[in-house]
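Take a look at the structure set out below.
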Ligand code: G6P
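In full-length UniProt numbering, the protein residues as written are 245 to 615.
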């Protein structure tokens with residue numbers, strides 16, 4: 245087992261470090277040199293894809309957060325209304341899906357029972373199902389109409405890392421492909437985004453090179469029992485994922501919130517010394533950056549310990565941040581691929597500082613094959 249871990253104490257640490265390659269492998273062969281998407285494996289015809297008038301993305305746990313990010317990207321690029329739902333909730337609410345609905349099922353293992361039952365239900369209603377999956381020949385892709393495999397390689401640690409990042413990459417590929425087929429984005433806009441996707445592996449590498457500071461922070465904060473994570477837009481699912489990782493691995497109370505909701509509740513629980521992670525969106529035309537920076541000021545004023553993930557070169561948060569984690573530059577929609585990485589490192593290190601089994605957290609299974 246030691247040899248399989250390639251010198252790492254835990255599979256999770258190895259898998260975190262494999263992420264640049266895993267993301268590169270997932271993008272590989274899915275675009276040509278002109279930046280046009282090529283999805284040879286797509287078994288749905290262009291006509292079928294043009295006929296789609298609604299997308300429903302389903303998954304469980306980390307996969308559902310990849311789906312939340314995908315919703316922002318797919319709606320923005322394709323203008324197709326897109327819902328995200330926990331697979332375990334989907335079929336029990338009598339969902340409105342039909343022949344022109346595309347259901348996208350995200351699952352690393354391809355065996356999650358909740359997700360499998362959901363796609364069976366969707367197909368009974370006449371919907372087409374596309375799986376985004378990491379496991380060749382597993383049940384979910386076998387029962388789907390089409391599949392985009394993530395090429396992360398085997399993921400052994402229960403808590404998903406490279407599975408998540410490659411799900412994001414596959415979702416971006418799908419969104420851009422739909423935009424290309426339906427003509428909702430021009431070729432040069434698509435190729436520009438493809439070029440940005442190709443920069444992500446290097447961006448992840450840069451974050452991993454600087455990860456010592458994150459590990460040190462984890463050891464320093466290991467005595468805390470509660471952590472909050474705030475994010476907005478695609479930073480919101482990243483906040484949820486950061487909190488989930490801490491729950492799974494360190495058995496701590498950790499909650500992710502949409503930063504805009506702060507004043508509608510969460511701000512009441514802020515107390516002196518409480519560690520709050522905040523994912524700051526890149527500066528843009530939409531004022532979200534300014535709004536999140538003002539959230540940081542508000543929680544800092546109440547004594548929280550602010551750990552801020554922000555694009556490098558952006559010094560606007562420095563006066564209000566106790567700790568700054570700098571992220572390489574990326575377009576807003578792609579930032580989750582980078583911002584999730586320090587949160588994975590943080591959770592793994594904190595769990596190991598507390599003496600927990602990082603790969604096999606108590607009560608959890610890698611793949612939950614019962615509903
Ligand atoms: C389990 C794992 C999670 C994972 C979820 C979905 O709960 O502990 O880490 O995110 O299943 O798994 P899947 O294989 O469907 O992506």
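Ideal Cβ positions, reconstructed from N, Cα and C, are used throughout, including at glycine.
Whose C-beta lies closer than 7 Å to the C-beta of residue i among residues of the same chain, with five residues either side of it excluded?
i: residue 477; result: 316, 525, 532 and 576
i: residue 249; result: 255 and 258
i: residue 424; result: 280, 281 and 434
i: residue 536; result: 476, 503, 522, 524 and 525
According to the neighbour-count rule (16 or more other Cβ atoms, all chains shown, within 10 Å of its Cβ), is residue i buried or exposed?
i: residue 309; result: buried
i: residue 639; result: With the chain represented from 245 up to 615, any question about residue 639 goes unanswered, as that position is not in the structure.
i: residue 261; result: buried
i: residue 274; result: buried
i: residue 344; result: exposed
i: residue 469; result: exposed
i: residue 559; result: exposed
i: residue 406; result: buried
i: residue 557; result: exposed
i: residue 603; result: buried
i: residue 614; result: exposed
i: residue 336; result: exposed
i: residue 696; result: The structure shown does not extend to residue 696, since the chain is modelled only from 245 through 615, so no value can be given for it.
i: residue 497; result: exposed
i: residue 323; result: exposed
i: residue 529; result: exposed
i: residue 436; result: exposed
i: residue 399; result: buried
i: residue 539; result: buried
i: residue 277; result: exposed
i: residue 401; result: buried
i: residue 545; result: exposed
i: residue 194; result: What is shown of the chain runs 245 to 615, which leaves residue 194 out entirely.
Can you list, in chain order, the residues of its chain with a C-beta nearer than 6 Å to that of residue i? Leave out the 5 residues immediately preceding and following it.
i: residue 516; result: 547
i: residue 417; result: 274
i: residue 266; result: 396, 406 and 410
i: residue 568; result: 552
i: residue 264; result: 445, 448 and 449
i: residue 269; result: 395
i: residue 596; result: 602
i: residue 584; result: 482 and 485
i: residue 355; result: 382, 383, 611 and 613
i: residue 319; result: 326
Tell me which residues share the same chain as residue i and place their Cβ nearer than 8 Å to its Cβ, disregarding the 5 neighbours each side in the sequence.
i: residue 488; result: 305, 306, 309, 498 and 500
Under 8 Å, with one C-beta from each stretch per pair, do the segment 584-596 and the segment 383-390 reach the 3-pair mark? no
Hey, which residues come within less than 7 Å of the ligand G6P, measuring from Cβ to any heavy atom, in chain order? Residues with their Cβ less than 7 Å from any non-hydrogen atom of the ligand G6P, running along the chain, are 303, 304, 305, 306, 307, 350, 351, 352, 353, 354, 355, 356, 359, 402, 403, 404, 407, 492, 608, 609, 610, 611 and 612.
So, does the segment 320-335 touch the segment 361-370, judging by three or more C-beta pairs under 8 Å? yes
Under 8 Å, with one C-beta from each stretch per pair, do the segment 391-398 and the segment 280-289 reach the 3-pair mark? yes
Indicate whether the contact test is met: 3 or more Cβ pairs, each with one atom in the segment 247-265 and one in the segment 421-430, closer than 8 Å. no
The segment 290-299 / the segment 456-468 touching (three or more Cβ pairs under 8 Å): no
Please determine if the segment 479-497 and the segment 605-612 are in contact, where contact requires at least 3 C-beta pairs separated by less than 8 Å. yes
Within the chosen definition, does the segment 440-449 reach the segment 348-357 through at least 3 CB pairs nearer than 8 Å? These segments do not touch.
Closer than 8 Å is the cut-off here; do at least three beta carbon pairs connect the segment 502-509 with the segment 562-573? no
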